[in-house]
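Everything below concerns the one structure shown next.
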Amino acid sequence: MKLLLALIFILMYMECEGKQNHRCKNPSEEHLRSKLERLAPDSLLLIRQDNVPDIKIKKCPSSINISSELMQDRSISPWSYRINEDLNRYPPFIVEAYCLCKGCVSSKANSMVSVPFYKEVPILYKTSKCKKSRFVYKLRHIRIAQFCICRFLNVFHQ
Numbered sequence: 049m050k051l052l053l054a055l056i057f058i059l060m061y062m063e064c065e066g067k068q069n070h071r072c073k074n075p076s077e078e079h080l081r082s083k084l085e086r087l088a089p090d091s092l093l094l095i096r097q098d099n100v101p102d103i104k105i106k107k108c109p110s111s112i113n114i115s116s117e118l119m120q121d122r123s124i125s126p127w128s129y130r131i132n133e134d135l136n137r138y139p140p141f142i143v144e145a146y147c148l149c150k151g152c153v154s155s156k157a158n159s160m161v162s163v164p165f166y167k168e169v170p171i172l173y174k175t176s177k178c179k180k181s182r183f184v185y186k187l188r189h190i191r192i193a194q195f196c197i198c199r200f201l202n203v204f205h206q
């Protein structure tokens, strides 16, 4: 009998918790923006990016486009941009770079590779906790590719 009562109590508690989370809403965009600015002042660069993502995925060019105004087209390690989406964070959409080539455009040798250059950026990540009927967001840092560079392969000879 005690076991049955304990089970009923646990189920009732879980039901209450579930209802409480259903009443929990996301804070406003203004609230999240001001919180991110307060906790990580350099985060404005993340929110206001001038990089435009591609509508369709680009391919590796056969040569450098020296007439382009875009740095990513003139690079020997060309890159483009896509959207990194996560609806459980603020900002939910971040523009990130992706490399267009495995190797480097001007390098004929297989000793060079094109790799993304990452930067740790601050974001607010939604927790399952609720405070004053709003989800609680915590500061985290994630790695986002900013551009691509050429580097030598790590070849170790024994």
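Just so we're on the same page, our numbering is the position in the sequence shown counted from 1, plus 48. Think of the CB as a built atom: it goes at the ideal place given N, C-alpha and C, for glycine as much as any other residue. In this text, all values refer to a predicted model and were calculated from it rather than measured experimentally.
Give every residue of the same chain whose Cβ lies closer than 7 Å to the Cβ of residue i, excluding the five residues on either side of it in the sequence, and list them in chain order.
{"i": "I192", "result": "N132, I142, E144, Y166, K167 and V169"}
{"i": "P247", "result": "One cannot answer for residue 247 here, as it falls past the ends of the chain, which runs 49 to 206."}
{"i": "P140", "result": "E133 and D134"}
{"i": "M119", "result": "none"}
Check whether the Cβ atoms of residue i and residue j sit closer than 9 Å, and answer yes or no.
{"i": "W127", "j": "C147", "result": "yes"}
{"i": "R182", "j": "P89", "result": "no"}
Based on the DSSP secondary-structure assignment, which residues constitute the bridge partners of residue i?
{"i": "C152", "result": "Paired residue(s): none; C152 is not in a bridge."}
{"i": "P164", "result": "C196"}
{"i": "C172", "result": "According to the sequence as given, residue 172 is Leu; it is not Cys. DSSP lists Y138 and L187 as partners of L172."}
{"i": "N132", "result": "I142"}
{"i": "C147", "result": "W127"}
{"i": "R182", "result": "K73 and K179"}
Enumerate in chain order the residues of its own chain whose CB-to-CB distance from residue i is below 8 Å, with the five nearest sequence positions on each side excluded.
{"i": "R122", "result": "I112, N113, I114 and S116"}
{"i": "L201", "result": "N158, S159, M160 and V161"}
{"i": "K107", "result": "L148"}
{"i": "H189", "result": "E168, V169, P170 and I171"}
On the premise that residue j lies in contact with residue i, defined as a C-beta separation below 8 Å, what is that separation, rounded to the nearest angstrom?
{"i": "Y129", "j": "L80", "result": "Between L80 and Y129 the Cβ distance is about 23 Å, and since that is not below 8 Å, they are no contact."}
{"i": "I105", "j": "C198", "result": "Actually they do not touch by this definition, with Cβ atoms about 21 Å apart."}
Take residue i and list the residues in its own chain whose beta-carbon comes closer than 6 Å to its own, dropping the five residues that flank it on each side.
{"i": "L87", "result": "L187"}
{"i": "F195", "result": "W127, A145 and F165"}
If you measure from the beta carbon of residue i to each beta carbon in chain C, is any gap under 9 Å?
{"i": "K107", "result": "No chain C is present in this structure, which holds just one protein chain."}
(request) Report yes or no: do the segment 133-141 and the segment 163-173 share at least 3 C-beta pairs separated by less than 8 Å? (result) Taking a contact to require three or more Cβ pairs closer than 8 Å, the segment 133-141 and the segment 163-173 qualify as touching.
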